[in-house]
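What the sequence shown shows, in this note's numbering, is residues 279 to 472, in sequence order.
Below: the structure, in structure tokens.
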Amino acid sequence: MVGFIKALTAVIIAMMIQGGVSGAVETTPEEAVSDFVTGLMAGDEQIVERYVDNEYINFLANAEADDETKARISKALFKNLKYDIEDTALKGGAAVVEARISTNDFSDVMDEYKEVSYSYVKENLYDEDITDKDKLSAKCLDIYVDQIEKDAEEKASLEKKVYIPMIEDGYGGWKLLLSDDIVKTLMGQLSIPK
Numbered sequence: 279m280v281g282f283i284k285a286l287t288a289v290i291i292a293m294m295i296q297g298g299v300s301g302a303v304e305t306t307p308e309e310a311v312s313d314f315v316t317g318l319m320a321g322d323e324q325i326v327e328r329y330v331d332n333e334y335i336n337f338l339a340n341a342e343a344d345d346e347t348k349a350r351i352s353k354a355l356f357k358n359l360k361y362d363i364e365d366t367a368l369k370g371g372a373a374v375v376e377a378r379i380s381t382n383d384f385s386d387v388m389d390e391y392k393e394v395s396y397s398y399v400k401e402n403l404y405d406e407d408i409t410d411k412d413k414l415s416a417k418c419l420d421i422y423v424d425q426i427e428k429d430a431e432e433k434a435s436l437e438k439k440v441y442i443p444m445i446e447d448g449y450g451g452w453k454l455l456l457s458d459d460i461v462k463t464l465m466g467q468l469s470i471p472k
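Structural data, given as structure tokens:
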């Protein structure tokens, strides 16, 4: 009889633990979007790695820059980012979250960058740093980041709606199906250097 009670207790405890774990893993589509945006803004490696196939997220993760420069880019891009989830449609294992994004307008950064970088090259044409590809590349990236930071301080707000589709990941969570356009909107219509 004592063996039966121990076995029954072990089964009940296992069921409670399993139920608690599966309940803790369940997330809503709204929570999935919030977790993604919060993780992207914080540079959370797990979030970034999960969506690194996206051109914009890949740029943030793999830009040929030191950690300080990457941090400057993220800080400026997401400094004024706000989002409100307005609606969610859910059917079976698929969902779409409608969110209103408010951030700085970075759509002119590439034009500003081209103008400033061209001036830099023209003014320093006889400097040996111009012929050093690594130094020139680092300087150009620095100019690009300066333009992002400038626009983060000066540019008016950009508001847009985005629709974020997702599917269940089979583990109680959601996999966001992020197009380049969705992430570009989160980044204020920023054009990234090729």
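Ideal Cβ positions, reconstructed from N, Cα and C, are used throughout, including at glycine.
Identity of the residue in GLY450, TRP452 and PRO307 nearest ALA377 by Cα: Numbered from its first residue, the sequence shown carries residue 377 at position 99. Looking at the Cα atoms, PRO307 is the closest of the given residues.
ask   = In three-state DSSP terms, what is SER469?
value = As a first step, residue 469 is located in the sequence shown; it is residue number 191 there, counting from the start. Coil, per DSSP.
| Given SER256, which residues of its chain have a CB within under 8 angstroms of its CB, disregarding the five upstream and five downstream residues? | This structure leaves residue 256 out entirely; the chain is present only between 279 and 472.
Item to complete: Kindly indicate which three-state DSSP category ASN340 falls into: helix, strand or coil?
Response: Within the sequence shown, numbered from 1, the residue matching residue 340 stands at position 62. Helix.
Under DSSP, the beta strand (DSSP E) around TYR361 begins and ends at which residues? The count along the sequence shown starts at 1 and reaches residue 361 at position 83. From DSSP, the beta strand (DSSP E) with TYR361 extends over 360-369.
- request: Closer than 6 angstroms by C-beta to LEU419: which residues in its own chain qualify, once you throw out the five before and the five after it? Chain order, please.
  value: Counting from one through the sequence shown, the residue named residue 419 turns up at place 141. So the qualifying residues of the chain are ALA343.
Q | Sequence-distant residues of the same chain with beta carbon closer than 6 angstroms to SER385, five excluded per side | A | Counting from one through the sequence shown, the residue named residue 385 turns up at place 107. Excluding sequence neighbours, SER385 sits near GLN467.
Quick check: the region 443-458 against the region 329-348, are at least 3 beta-carbon pairs closer than 8 angstroms? Inter-segment contact for the region 329-348 and the region 443-458 is present: three or more beta-carbon pairs are separated by less than 8 angstroms.
Quiz prompt | THR316 classed as buried or exposed, judged by whether at least 16 other C-beta atoms fall within 10 angstroms | solution = Here residue 316 refers to the residue found at position 38 of the sequence shown. Label assigned to THR316: exposed.
task: Pick helix, strand or coil for ALA430, following the three-state DSSP scheme.
output: For this step, residue 430 is matched to residue 152 along the sequence shown. ALA430 falls in the helix class under three-state DSSP.
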